[in-house]
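Going by my numbering, the sequence shown opens with residue 9, and the numbers climb by one from there.
A virtual CB, placed ideally from N, CA and C, is assigned to each residue, including glycine.
The structure presented is a predicted model; accordingly, all values stated were derived computationally and were not measured.
Okay, so here's the structure we're looking at.
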Amino acid sequence: MERAIPILPADDLRVAKEFYVNRLGFNLRFEATEDGTTGLLGVDRGTISLTLDCPMSGHGREACVSLQVENADAYYDEWRDRVEIRRPPTNEPWGARTFDVIDPFGNTIFVMGPVR
């Protein structure tokens, strides 16, 4: 199988783990760190995989990743009491239902599902 896994910049792996695993419900796939703060963190949720890289020097910051899901409202309902949601789900004129979350490092998690 071939696939792309986004790598998002982070400033502290402990904060990343708290946000992605404890709040967004991702499963820990791997953690490569000697001090608990710097290194790599891999997370999965179903077929969605992300890697957090701290400090990810030499690359751009404030990245954006799109999560294509079956039901954007279900993710919104699960996450809205756990993290700050930038805006509630909206039907886009181009045919998707979307909302977005900003992680603690300034990265945008753009959730996109079919219009309901």
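With which residues is residue i paired in a DSSP beta bridge?
| i | result |
| --- | --- |
| residue 108 | 95, 118 |
| residue 39 | 49 |
| residue 21 | For residue 21, which the question treats as bridged, DSSP gives no partner whatsoever. |
| residue 61 | 17, 48 |
| residue 73 | 117 |
Beta-carbon within less than 6 angstroms of residue i's beta-carbon, same chain only, minus the 5 sequence neighbours each way: which residues are those?
| i | result |
| --- | --- |
| residue 28 | 34, 51 |
| residue 24 | 18, 49, 60 |
| residue 64 | 17 |
Going by the CB atoms, is the gap between residue j and residue i shorter than 8 angstroms?
| i | j | result |
| --- | --- | --- |
| residue 119 | residue 83 | yes |
| residue 94 | residue 108 | yes |
| residue 106 | residue 72 | no |
| residue 97 | residue 81 | yes |
Using a Cβ-Cβ cut-off of 7 angstroms (strictly less than) and excluding sequence neighbours within five positions of residue i, which residues of its own chain qualify?
| i | result |
| --- | --- |
| residue 74 | 118, 120 |
| residue 20 | 45, 62 |
| residue 70 | 114, 115 |
| residue 31 | 90, 91 |
Looking at residue i and the ligand NAP, is the gap between the Cβ and the nearest heavy atom below 7 angstroms?
| i | result |
| --- | --- |
| residue 91 | Here there are no bound small molecules, and the ligand NAP is not part of this structure. |
Return the chain-ordered list of same chain residues with a C-beta closer than 8 angstroms to the C-beta of residue i, the five sequence neighbours on each side being excluded.
| i | result |
| --- | --- |
| residue 37 | 50, 51, 52, 57 |
| residue 78 | 121, 122 |
| residue 22 | 44, 45 |
Quick one: any contact between the segment 38-53 and the segment 78-91, if contact means 3 or more CB pairs under 8 angstroms?
-> no
**Prompt:** Is there contact between the segment 101-108 and the segment 39-46, where contact requires at least three CB pairs shorter than 8 angstroms?
**Reply:** no
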